[in-house]
């Protein structure tokens, strides 16, 4: 790597001096960036280690990952925050996206358990993705603040709660549009409640000041809700468009109103066949 210090155009001194300083050669090896691959290795292992994922259609999971990253790149200029903070936010978005992808890849393993255990395992997956991302990107060197970690924790909790509540509302009557509408509703409710709670706890202000700042908090909660919903939307579209991923969606939630789903290449238990015939 060759680093050449340059004088800013606004401070150009013309012919009185050089515009560039002496170059510094820094030997940058390709493997210096290897730790940043940690989050992607986590995704790759989720594909390789589960027998249910040994199917070419599993690669469709990269479509929503790509779309979310593309949407995030378009959203970056709107934020108007310093570059170091953007790097941290980008890392946390990657952690959530890869965490969601791993949940889809492990749907059969998570869905065949007690509901509480399934939610707990999903929480562990999302937290593990965040920890791996923090270590991989060495986020503590990039201006990581406690508030940003709290927002990430809110994102993880919101992600889990909205699916639990949407599934609860669709337990007797399920349909794609019905599920997505309930998902949008609960995303809005949980995001607003979470943002208001975080604001009240973190800011030491009088009741009058809290009321005055509440519109800004509500706007922040609305933006947070839109971000969470847009993170989930490409994955949900994939589930509704692809039979391969739709079966995983059914297998994870296994609501009474959903068809019973099993991994490809496995036989249905006789008891299940009898239940479906009744």
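Residue numbers (the working numbering): 1220 to 1497.
The C-beta atom is built at its ideal place from N, Cα and C for all residues, glycine as well.
When DSSP states are grouped into helix, strand and coil, residue 1366 belongs to the helix group. Take the alpha-carbon of residue 1331 and the one of residue 1467: they are about 11 Å apart. Exclusion of the five residues before and after residue 1311 leaves 1371 as the residues of its chain whose Cβ lies within less than 6 Å of its Cβ. Residue 1426 and residue 1412 have their C-alpha atoms some 17 Å from each other. Here the C-alpha atom of residue 1259 lies approximately 44 Å from the C-alpha atom of residue 1431. Under the three-state reduction of DSSP, residue 1451 is assigned to helix.
In the displayed model, residue 1274 falls within coil according to three-state DSSP, outside both helix and strand.
Under the DSSP assignment, residue 1339 falls in the alpha helix (DSSP H) whose first and last residues are 1334–1356. At least 8 Å separates the beta-carbon of residue 1421 from that of residue 1325. For the region 1426–1475, the full-length alpha helix (DSSP H) segments reaching 4 residues or more read 1426–1460, 1462–1472 along the chain. Cβ contact annotation for residue 1464 (same chain, cutoff 6 Å, sequence separation greater than five): 1457, 1458, in chain order. The three-state reading of DSSP puts residue 1330 in helix, counting H, G and I together. Here residue 1333 is exposed, its C-beta having fewer than 16 other C-beta atoms within 10 Å. Three or more beta-carbon pairs drawn from the region 1400–1411 and the region 1441–1458 are found closer than 8 Å, and the two stretches are therefore classed as touching. For residue 1282, same chain residues with a beta-carbon under 8 Å away, outside a window of 5 residues either side, are 1453, 1457 in chain order. For residue 1342, the closest C-alpha among the options 1354, 1373, 1365 is that of 1373.
The Cβ neighbour count for residue 1438, taken over all protein chains shown within 10 Å, is under 16; the residue is labelled exposed. For residue 1401 against residue 1388, the beta-carbon gap comes to about 5 Å, under 8 Å, which counts as contact. Nearest to residue 1418 by alpha-carbon distance, out of 1369, 1288, 1394, is 1369. The Cβ atoms of residue 1447 and residue 1378 sit closer than 8 Å to each other. With a cutoff of 8 Å on beta-carbon distance, residue 1263 and residue 1314 are scored as not near each other. Looking at 1406, 1278, 1269, the one whose alpha-carbon comes closest to that of residue 1461 is 1278. Counting only residues of its own chain and dropping the five nearest sequence neighbours on each side, residue 1474 has a CB closer than 7 Å to the CB of 1386, 1389, 1390, 1393.
In terms of Cβ geometry, residue 1287 and residue 1316 form a close pair [threshold 8 Å]. Look at residue 1325 here: in three-state DSSP terms it is coil, with no helix or strand label. Inclusion of residue 1450 and residue 1319 in the CB contact set at 8 Å is warranted, their separation being smaller than that value. Excluding sequence positions up to five before and after residue 1340, its CB lies within less than 6 Å of the CB of 1329, all in the same chain and listed in chain order. Counting of Cβ neighbours within 10 angstroms places residue 1292 among the exposed residues, the total staying below 16.
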